[in-house]
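Chemist:
Numbering (this note's numbering), first residue to last: 3 to 203.
1) Would residue 6 and residue 178 be called neighbours here (beta carbons separated by less than 8 Å)?
2) Does residue 88 come out as helix, strand or coil in the three-state DSSP assignment?
3) Leaving out five residues before and five after residue 79 in sequence, what residues of the same chain have Cβ atoms less than 6 Å from its Cβ?
4) Which value, in whole angstroms, describes the spacing of the CA atoms of residue 99 and residue 23?
5) Out of 43, 59 and 49, state which residue places its alpha-carbon closest to the alpha-carbon of residue 153.
6) Curious, which full-length beta strand (DSSP E) runs of at least 3 residues does the segment 80 to 146 contain?
7) With a threshold of 7 Å, establish whether the CB of residue 48 neighbours any heavy atom of the ligand MN.
8) What distance in whole Å lies between the Cβ atoms of residue 13 and residue 140, which are believed to be in contact at a cut-off of 8 Å?
9) Mind checking who residue 194 pairs with in its DSSP beta bridge?
10) Going straight from the alpha carbon of residue 117 to that of residue 58, what length do you get?
11) At 3 residues or longer, and completely inside the segment 12 to 82: list those beta strand (DSSP E) runs for me, N to C.
12) Going by CA-CA distance only, name the one from 172, 108 and 65 that's closest to residue 97.
13) Closest to residue 212 by C-alpha separation, out of 110, 89 and 19, would be which residue?
14) From residue 129 to residue 3, what distance separates their C-alpha atoms?
15) If we ignore side chains and look at the alpha-carbon of each, how far apart do residue 42 and residue 157 end up?
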């Protein structure tokens with residue numbers, strides 16, 4: 003399977019709390035919900051179609067718990083929604099050393115040697131192993147060159163605070179642009195493929 007990350011970020015690179023403030027997961031952060039007022043039908047359909055392409059999902063613990071509490075509690079038969087139908091019908095893998103008995107159906111916990119486990123997943127036949135949210139996990143995967151493609155959905159807003167996708171210091175990567183889309187509210191979606199280290203002038 004091809005490992006693909008999909009991240010909604012602000013122009014200043016913040017990925018935290020795109021859907022709203024959550025005192026449990028984001029204590030003290032009051033600038034959440036920056037993505038919701040900017041979405042339109044076309045951009046929401048693009049994101050929904052993205053989820054539908056997944057053969058399986060890989061999550062970090064925090065994102066998994068957030069998604070399980072929200073999407074996992076909705077019965078597929080009751081809702082015609084691409085997020086509900088995909089997330090509740092595909093295998094889910096969560097990188098965690100603390101979750102031992104996941105309640106969300108079709109979930110496998112990856113603990114111990116995570117790099118080997120992810121490489122084994124990538125070696126399986128199939129299309130896309132998608133990572134949504136899960137910033138800490140994405141940074142870890144990038145450091146180990148496990149990401150095949152990354153899609154950044156950039157919302158036209160600067161929030162000025164919050165957890166950013168990329169650290170202040172870290173590995174450098176050259177990227178090939180695979181696809182670029184622009185939506186009416188000014189949202190852009192760029193898909194990149196890491197291709198080694200950059201060349202410097």
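Just so it is clear, CB atoms sit at the ideal spot from N, CA and C, and this is done for glycine as well.
Modeler: Judging by the given coordinates:
1) no
2) helix
3) In this predicted model, residue 79 has a pLDDT of only 46, less than 50, meaning its place in the structure is not dependable; the value taken from the coordinates is given anyway. Excluding positions up to five away in sequence, the list is empty.
4) Taking the straight line from one Cα to the other gives about 26 Å.
5) 49
6) 94 to 97, 109 to 112 and 130 to 134
7) Looking for the ligand MN in the displayed structure turns up nothing, as the structure carries no ligands at all.
8) So it is not a contact: roughly 18 Å between Cβ atoms.
9) 152 and 179
10) 17 Å
11) 58 to 62
12) 65
13) What is shown of the chain runs 3 to 203, which leaves residue 212 out entirely.
14) 5 Å
15) 11 Å
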